[in-house]
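Engineer: Here the working numbering is used: position 14 in the sequence shown is 47, and no number is missing along the way.
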Amino acid sequence: MKLTFLGTNGWFDSDTGNTVCAMIETKERYIVLDAGMGIHRLDQYMTGCKPVDLFLSHFHLDHIAGLHCIMKFVFLPNMRIIGQPGTRAILDRVMGQPFTLALDQMPFPVEVMELEEGWHDIGYRVECRLLDHVSPCFGYRIEADGRKIAYCTDTGETENIVRLAQDVDLLISECAFKRGQTNPRWPHLNPDIAISLARKAGCQRLALTHFDAQRYQTLGERKEIESLKDGFPGLIVAYDRLQVEL
34 MKLTFLGTNG WFDSDTGNTV CAMIETKERY IVLDAGMGIH RLDQYMTGCK PVDLFLSHFH
94 LDHIAGLHCI MKFVFLPNMR IIGQPGTRAI LDRVMGQPFT LALDQMPFPV EVMELEEGWH
154 DIGYRVECRL LDHVSPCFGY RIEADGRKIA YCTDTGETEN IVRLAQDVDL LISECAFKRG
214 QTNPRWPHLN PDIAISLARK AGCQRLALTH FDAQRYQTLG ERKEIESLKD GFPGLIVAYD
274 RLQVEL
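#1: For the beta strand (DSSP E) that contains residue 60, what are its first and last residues?
#2: Starting from the Cα of residue 74, find the closest Cα among 94, 172, 53, 89 and give me that residue.
#3: Among the residues of its own chain, which have a CB less than 7 Å from the CB of residue 123, if the five just before and after it don't count?
#4: Do you know how far the Cα of residue 64 is from the Cα of residue 86?
#5: Per DSSP, what are the beta-bridge partners of residue 65 in this structure?
#6: Within this structure, are the beta carbons of residue 279 and residue 34 separated by less than 8 Å?
#7: How big is the Cα-Cα spacing for residue 180 and residue 229?
#8: The alpha helix (DSSP H) that contains residue 253, what's its start and end?
#9: So is residue 77 buried or exposed if we call it buried at 16+ other beta carbons inside 10 Å?
#10: So does the segment 123–138 actually touch the segment 146–159, counting three or more Cβ pairs closer than 8 Å?
#11: Kindly list the residues whose CB is nearer than 6 Å to the CB of residue 66, restricted to its own chain and excluding five residues on each side of it in sequence; keep chain order.
#12: Note down, in chain order, each residue of its chain lying with its Cβ closer than 6 Å to the Cβ of residue 116, except the 5 sequence neighbours on either side.
#13: Determine the contact status of residue 223 and residue 211, defining contact as a CB-CB distance below 8 Å.
#14: Could you give the uninterrupted runs of the beta strand (DSSP E) lying entirely in the segment 187–267, keeping only those of 3 residues or more?
#15: Going by DSSP, what residue range makes up the alpha helix (DSSP H) through residue 274?
#16: What are the partner residues of residue 180, as DSSP defines its beta bridges?
This is the structure we're talking about:
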């Protein structure tokens, strides 16, 4: 199983990268995490024609702006867009004129699946839990091909991160804030808090992504976080096009 970070910025595109998107290649399908502008690279990293499951954490624009690009993946057999209750209504508003083509006009079939909190079997096991953000945001635990991955972005510190990431092979966590930064009115994580949560969950590895493009203006500022590997050897600081074997 291979993970590719297609976009690693939060808020807006900049010289450091595109907004957030990651792709996991499994035996049967591609699992895509959020649809920031990094999703435009999706076809560059596909090794075959397999279905796509696109998980949306929430509907802030840096997580859905890339949806207008998906029509270029004309070769896909089908796509499932998976999210919290209300996803269909949001997509009906933003996927259509005057913004872009509607989902039923895509060159491949698109199904929208709305999941409640809890465990689901959608051909593999998925757990959904609400995170701590200014608008409802889902974190996910995905179990497929003998691997366990948790994805938690746009959130402050919450026990649901620990619950989703319990003993996973990899926790993909947001890192919008720099060390020492917090803001209870705009909940996000800094690298130290993310590492603390990963330790509490017993994660083997932690990949940081969703770096606030206003705070992290250079890739060098991200690389400074790598000094924390001394205390957490499984730390990965993501950047666009980084690939990780799972």
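By construction, the Cβ of each residue, glycine as well, lies at the ideal position given by its N, Cα and C atoms.
Structural biologist: The structure says:
#1: Taking the sequence shown and counting its residues from 1, the one referred to as residue 60 is at position 27. Per DSSP, residue 60 belongs to no beta strand (DSSP E) and is neither H nor E.
#2: Your numbering for residue 74 matches position 41 in the sequence shown. Ranking 94, 172, 53, 89 by Cα distance to residue 74 puts 53 first.
#3: Position 90 of the sequence shown, counted from the first residue, corresponds to residue 123. Here the set comprises 92.
#4: Locating residue 86 in the sequence shown gives position 53, counting from the first residue. Locating residue 64 in the sequence shown gives position 31, counting from the first residue. Roughly 5 Å separates the two Cα atoms.
#5: Taking the first residue of the sequence shown as 1, we reach residue 65 at position 32. Bridge partners of residue 65: 56, 87.
#6: Position 246 of the sequence shown holds residue 279. Position 1 of the sequence shown holds residue 34. Taking 8 Å as the Cβ cut-off, residue 279 and residue 34 qualify as a contacting pair.
#7: As a first step, residue 180 is located in the sequence shown; it is residue number 147 there, counting from the start. As a first step, residue 229 is located in the sequence shown; it is residue number 196 there, counting from the start. Rounded to the nearest angstrom, the two C-alpha atoms are 22 Å apart.
#8: Here residue 253 refers to the residue found at position 220 when the sequence shown is read from its first residue. Per DSSP, residue 253 belongs to the alpha helix (DSSP H) from 252–256.
#9: Mapped onto the sequence shown, residue 77 falls at position 44. Exposed, since its Cβ has fewer than 16 Cβ neighbours within 10 Å.
#10: no
#11: The sequence position of residue 66 within the sequence shown is 33, counting from 1. Closer than 6 Å at Cβ, skipping near neighbours: 55, 88, 184.
#12: On the sequence shown, position 83 is the one that residue 116 refers to. Here the set comprises 89.
#13: On the sequence shown, residue 223 is found 190 positions in, with the first residue counted as 1. On the sequence shown, residue 211 is found 178 positions in, with the first residue counted as 1. Contact: yes.
#14: 203–207, 239–242
#15: By 1-based counting over the sequence shown, the position of residue 274 is 241. Where residue 274 is concerned, there is no enclosing alpha helix (DSSP H), given that its DSSP letter is neither H nor E.
#16: Reading the sequence shown from its first residue, position 147 is the one you call residue 180. DSSP output for residue 180 lists 177 as bridge partner(s).
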